[in-house]
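**Student:**
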Amino acid sequence: MATGKGVTLYGMWASPAVRRVEWALKKKGINYEYIEEDLSNKSPALLQFNPITKQVPVFVHDGKPVIESLVIIEYIDEVWKNNPILPKDPYERARAQFWAAFSEVQCREAVRKVYFAEEEEAKEKAMEHLEEMIRAIDQELKGKKFFAGDSIGYLDMVFGWMAFWLDIAEEVASFKVVNSKKFPSFTSWIHSFLHDPLIKENLPPREKTLEFFRDFRKLHLPSSK
Numbered sequence: 001m002a003t004g005k006g007v008t009l010y011g012m013w014a015s016p017a018v019r020r021v022e023w024a025l026k027k028k029g030i031n032y033e034y035i036e037e038d039l040s041n042k043s044p045a046l047l048q049f050n051p052i053t054k055q056v057p058v059f060v061h062d063g064k065p066v067i068e069s070l071v072i073i074e075y076i077d078e079v080w081k082n083n084p085i086l087p088k089d090p091y092e093r094a095r096a097q098f099w100a101a102f103s104e105v106q107c108r109e110a111v112r113k114v115y116f117a118e119e120e121e122a123k124e125k126a127m128e129h130l131e132e133m134i135r136a137i138d139q140e141l142k143g144k145k146f147f148a149g150d151s152i153g154y155l156d157m158v159f160g161w162m163a164f165w166l167d168i169a170e171e172v173a174s175f176k177v178v179n180s181k182k183f184p185s186f187t188s189w190i191h192s193f194l195h196d197p198l199i200k201e202n203l204p205p206r207e208k209t210l211e212f213f214r215d216f217r218k219l220h221l222p223s224s225k
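Going by full-length UniProt numbering, the sequence shown opens with residue 1, and the numbers climb by one from there.
1) Per DSSP, which residues does Asp10 bridge with? Please list them.
2) The beta strand (DSSP E) that contains Val178, what's its start and end?
3) Using DSSP bridges, identify the partner residues of Pro65.
4) I'd like the list of long-range same chain contacts for Leu203, defined as Cβ closer than 8 Å, with 5 residues on each side in sequence excluded.
5) Looking at Ala117 and Ile73, is the spacing between their C-beta atoms short of 8 Å?
6) What does the Cβ neighbour count give for Gly11, buried or exposed, with the cut at 16 atoms within 10 Å?
7) Suppose only complete runs of 4+ residues qualify. What are the alpha helix (DSSP H) ranges in the segment 108-135, listed by chain order?
8) Would you call the CB atoms of Lys123 and Trp80 closer than 8 Å?
9) Helix, strand or coil for Phe49, going by three-state DSSP, please let me know.
10) What is the DSSP secondary structure of Ile30, counted as helix, strand or coil?
11) Which of the three DSSP states is assigned to Gly153 in this structure?
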């Protein structure tokens, strides 16, 4: 187990961004303190360490805070050299950073539009766009078990929300885009990812997550405002 002196993670159990930081910490074998936050009543420590966005995850190392999950993972990989997460080759690292941005901007927005669509026409249009995003990922994964080879790496952690939380979103909002015939490489990756011990042992309970996101969707639907 790598030394994790002065390592604290402020998180929230249902957050995919928090989970990906935990996956990175587990892969590195770093001891850390986890502090669960109530986001409706944020702790003084969270507000002190992240006064700008006031969100989790917040990673604190020897009293110094690092925020935003992708930045945190890169920091962890730079500080603890064992079990590398990001590619070391500059070109492959640049490609990984491109796909990470694709996940966080295009893919998240595409899922959000489907998730909160209330009219059937709008939902169908949003689903078509989301399928375009997944098709691109499927092509990138063609012939691969994981994004960078035979073990969990940076992009697997980045896209991990699509392996677990997209299925949750499909059930909560009554839509279906993940299809093994349309996207064989993507669905094969999901299966490999969710059954890897590193991930399988560090996922939130499915039923509890479904209940949380059902309530979240009801609260944030345009018609509820």
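C-beta atoms are modelled at their ideal positions from N, C-alpha and C, and glycine is treated no differently.
**Tutor:** Concretely, from the data shown:
1) For the purposes of this step, residue 10 is taken as the residue at position 10 of the sequence shown. Note that residue 10 corresponds to Tyr in the displayed sequence, not to Asp. Looking at the DSSP assignment, Tyr10 forms a beta bridge with Ile35 and Val58.
2) Position 178 of the sequence shown, counting from 1, holds the residue named residue 178. Element bounds for Val178: n/a, residue is neither H nor E.
3) Stepping through the sequence shown from its first residue, residue 65 is reached at position 65. Partner(s): Val60.
4) To locate residue 203, count along the sequence shown from 1; it is residue 203. Here the set comprises Arg19, Phe164 and Leu194.
5) What you label residue 73 is simply residue 73 of the sequence shown in a count that begins at 1. What you label residue 117 is simply residue 117 of the sequence shown in a count that begins at 1. Result no, Cβ atoms of Ile73 and Ala117 do not sit closer than 8 Å.
6) Sequence index remark: in the sequence shown, residue 11 carries index 11 (1-based). Counting Cβ neighbours within 10 Å, Gly11 comes out buried, since at least 16 surround it.
7) 108-115
8) On the sequence shown, position 123 is the one that residue 123 refers to. On the sequence shown, position 80 is the one that residue 80 refers to. Contact: no.
9) Taking the first residue of the sequence shown as 1, we reach residue 49 at position 49. Three-state DSSP puts Phe49 in a helix.
10) As a first step, residue 30 must be located in the sequence shown, where it is residue number 30. Of the three classes helix, strand and coil, the one that applies to Ile30 here is strand, per DSSP.
11) Residue mapping note: residue 153 aligns to position 153 of the sequence shown, counting from 1. Residue state, collapsed to three classes: coil.
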